[in-house]
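Chemist:
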Amino acid sequence: MIGVIGDKMLKNGESSPVGGGNGALPPSPITPQQRQRMEQNRRLALLKQQERRRRLQWPEQQPSSPGSTPPVSMVEADECKGFPSRGHNFGGHCELCKGTMSPPSPVSTSQITLTRQQVEVLKAVAGGQSVFITGSAGTGKSFLLHHAISVLKGIYPRESVFVTASTGVAACAIKGQTLHSFAGIGLGEGELDTLYLKVSHNKHATKNWERAKALVVDEISMIDGQMFDNLEFIARRIRNSTEVWGGIQLVISGDFFQLPPVKPLDLNREYAFEATCWEACFALQVELTRVFRQSDSALIELLQSIREGRRDPNHMRLLDSRRRHPIVSAGPEMVPQLYPKNEDVRRENNERLRSLSQRIVVYSALDSGEQSWRDRLGQGIAPNVLEVCVGARVMLIKNINPVGGLVNGSVGIVMGFVGGDISTSICSEGLLPVVKFDHGPEMTLGLEAWDTVEGDMVRATRKQIPLILAWAVSIHKCQGMTLSHLQTDLSKAFGCGMVYVALSRVRSLDGLYLSGLNPQKVLAHPKVLRFYKKLVHDHEQS
Ligand SMILES: Nc1ncnc2c1ncn2[C@@H]1O[C@H](COP(=O)(O)OP(=O)(O)OP(=O)(O)O)[C@@H](O)[C@H]1O
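Under the UniProt record's numbering, the first residue of the sequence shown carries the number 1, and numbering increases by one thereafter.
(1) Is the number of C-beta pairs between the stretch 462-477 and the stretch 378-387 that are closer than 8 Å three or more?
(2) Quick check on the DSSP output: the beta strand (DSSP E) that includes Ile413 runs from which residue to which?
(3) Based on the DSSP secondary-structure assignment, which residues constitute the bridge partners of Ile252?
(4) For Val345, I'd like the list of residues in its chain whose CB is within less than 7 Å of its CB, leaving aside the five on either flank, ordered along the chain.
(5) Under 7 Å: does the beta carbon of Arg293 sit that close to some heavy atom of ligand 1?
(6) From the DSSP output, read off the bridge partner residues of residue 556.
(7) Just to confirm my understanding: we take Arg307, look at its own chain, exclude 5 residues before and 5 after, and list those with CB closer than 7 Å. What are they?
(8) Taking only the alpha-carbon atoms, compute the straight-line gap between Ala170 and Leu366 and give it to the nearest angstrom.
(9) Assign Ala298 to buried or exposed, taking buried as 16 or more other Cβ atoms, counted over all protein chains shown, within 10 Å of its Cβ.
(10) Is Pro466 near Leu490, with beta carbons less than 8 Å apart?
(11) Just list the residues that DSSP pairs Leu512 with in beta bridges.
(12) Below 7 Å, is the gap between the Cβ of Thr139 and the nearest heavy atom of ligand 1?
(13) Decide if Asn230 is buried, meaning its Cβ has at least 16 other Cβ atoms within 10 Å, or exposed.
(14) Please report the residue range of the alpha helix (DSSP H) in which Gln464 lies.
(15) Out of Thr488, Phe531, Arg530 and Met481, state which residue places its alpha-carbon closest to the alpha-carbon of Arg293.
(16) Which two residues bound the contiguous alpha helix (DSSP H) that contains Ala280?
(17) Residues in the same chain with beta-carbon distance under 7 Å from Arg237, minus the five sequence neighbours each way, listed in chain order, please.
(18) Decide yes or no for the touch test of the stretch 125-141 against the stretch 248-255: beta carbon pairs closer than 8 Å, at least 3 of them.
(19) Can you name the start and end residues of the alpha helix (DSSP H) that Met443 belongs to?
(20) Can you give the Cα-Cα distance for Asn22 and Leu144, rounded to whole angstroms?
(21) CA-CA distance, Val522 and Asp218?
(22) Could you tell me whether any non-hydrogen atom of ligand 1 is closer than 7 Å to the CB of Ile381?
(23) Please state if the CB of Ser166 and the CB of Leu179 are separated by a distance shorter than 8 Å.
(24) Given a cut-off of 8 Å on the beta-carbon distance, is the pair Leu406 and Val418 in contact?
(25) Look at the Cβ atom of Val151, then the Cβ atom of Leu122, and state whether they are nearer than 8 Å.
(26) Compare the Cα-Cα distances from Glu189 to each of Gly225, Arg530, Thr115 and Trp450 and report the closest residue.
(27) Run through the stretch 136-191 for me and flag every whole alpha helix (DSSP H) of 4 or more residues, listed as ranges in chain order.
(28) Take the Cβ of residue 546 as the centre, count every other Cβ of all protein chains shown within 10 Å, and call the residue buried at 16 or more, exposed below.
(29) When you compare each of Phe494, Lys533, Gln487 and Arg505 to Arg323 by their alpha carbons, which one comes out closest?
(30) Would you call Ile468 buried or exposed, if buried means 16 or more other Cβ atoms sit within 10 Å of its Cβ?
(31) Hey, which unbroken runs of the alpha helix (DSSP H) at 4 residues or more fall wholly within the stretch 367-393?
(32) To which residues of the same chain is Ser241 closer than 6 Å at the C-beta, ignoring the five residues directly before and after it?
(33) Shorter than 7 Å, the distance from the beta carbon of Thr113 to the closest heavy atom of ligand 1, or not?
(34) Among Pro383, Met222 and Pro433, which has the Cα closest to the Cα of Ala449?
(35) Using a threshold of 7 Å, is the CB atom of Phe256 nearer than that to any non-hydrogen atom of ligand 1?
(36) For His315, which residues from the same chain have a beta carbon less than 6 Å from its beta carbon, with the 5 sequence-adjacent residues on both sides left out?
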């Protein structure tokens, strides 16, 4: 059964449309073993739910630690009494009683309340179902994915849960590997048989496919339909199974209105949802509807309209007003400039760094692990070489202290350097940077590690200072980030979704300065519009 869970579609006390299971998949009848496994999972989910009702705490969730997601509490329909405690403790708006609480402040509290939709997804995941999580930017897809991964690792042996994303940057953000590297398909080009041969000759990849019980894929918008079908075929063939994806449980997340695949294999199947197998893959497709990143309803409405490629004159006027109001509070030089093209990002950061005429300290990443795996580390967000100096504008690229507000995307200024625990092969002068964050303390940053993981095995590790220069950032790199201020010239934006991705990073209109916008660049692909319309329609019919 395919369903969309939306606020308007779920009433208090109503059961969610998650009961269909993979049994509804037409091309691959469920096997007795799979039915037994799903039954066990359902029982497990029921036990967990009872435990949760007692403790109001998701059982797999560990106490918050630097780099981890904060603990969550679960809201159930019969638990919401409108009290500013327990499930209601913060988050701006209760999904159940629709009461407005304090403004959202996701990183400044130690507990996060899951929405009803998010709870439904986790229940489905715990029940062994394959799910597709979608929704606008800032609705908590990546946040939910972290929790879904914990749930999966509680159900299956940890080494059989594979966490992947379509790009290196997105993979690093969820401590996973790229889907391509998990699958062993290289660039994924060539005939299906050639691809299959390539994978079957790759010992690592074959083992991955054989032992996978669950596969998580983030930022699916950048995987094309043919690739998705190719992978599904490889899964079945290697696992010698007739079930869709060879019986692997899928947890897939992304927003097709955001950036599309850079080079689709087949222009007629540009998006993953155009894959022949797509509909058969999921027991549940969920469109999250509650936006957390922004709290201003006018901005949420504007972004929703841009997401769908609409150029409403009122919205264009509102955006135009941001051209006349450079951000003065932080000073324009303090605000990241988002560029559609990488060459502009590199040029601007280099120019700004050198214009400070300060002594530049160089950090060269230290990589370890097998060479074939090390090569992939360079695809992540941590740079091979980081050059900074006093006065440099920098952005944190790792969650250092989510509760204290120091998260991936936090920006600050390098105030100085101190001697510290750092190998001279990384920094010949043995210095660590001291950064004053805009919304946080001044702190000395030490080395952080980024792992490339295969199943539960760390295959390669990069050590680097968790910073990038942040006067300018590419729009591709900022997909997934939350920024309090940004400035951007979108007149050179290209392709569908780019204007939306750039604008939807910011928390409030006050934090946005547009130095250029061509309304013609506000584009949504008609196929994507049709896909989302059908998603809602299918739910209404079910
Ligand atoms: N239930 C919740 N309560 C409070 N905050 C939440 C909740 N769910 C998510 N958030 C917060 O919302 C913000 C946006 O979430 P997240 O980055 O996961 O969104 P996303 O849908 O993945 O966005 P994008 O599509 O832009 O990558 C994060 O700061 C996250 O912590």
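Cβ coordinates follow ideal geometry from the N, Cα and C atoms, glycine included.
Modeler: By the coordinates alone:
(1) yes
(2) Val411 to Gly419
(3) Phe132 and Val217
(4) Around Val345: Tyr339, Ala472, Val473 and Ser474.
(5) yes
(6) An answer regarding residue 556 cannot be provided, because it is not within the stretch 1 to 542 covered by the chain.
(7) Ser136, Phe257, Tyr500 and Ala524
(8) 21 Å
(9) exposed
(10) no
(11) Leu486
(12) yes
(13) So Asn230 ends up on the buried side.
(14) Taken as a continuous stretch (DSSP letters only), Gln464 belongs to no alpha helix (DSSP H), being part of the beta strand (DSSP E) at Met457 to Gln464.
(15) Met481
(16) Trp278 to Cys281
(17) Tyr196
(18) yes
(19) Met443 -> not in any alpha helix (DSSP H); beta strand (DSSP E) instead, spanning Glu442 to Thr444.
(20) Confidence in Asn22 is poor, its pLDDT being 35 and thus under 50, which makes the residue's placement unreliable; the coordinate value appears in the next sentence. Rounded to the nearest angstrom, the two C-alpha atoms are 21 Å apart.
(21) A direct Cα-to-Cα measurement between Val522 and Asp218 gives close to 24 Å.
(22) no
(23) Yes, these two residues count as a Cβ contact at 8 Å.
(24) no
(25) yes
(26) Gly225
(27) 141-155, 168-173 and 179-183
(28) Residue 546 cannot be examined here, being either before or after the span of the chain that is shown, 1 to 542.
(29) Gln487
(30) buried
(31) 371-377
(32) Gly247
(33) Relative to ligand 1, the nearest heavy atom lies less than 7 Å away from the CB of Thr113.
(34) Pro383
(35) no
(36) So the qualifying residues of the chain are Leu302 and Ser305.
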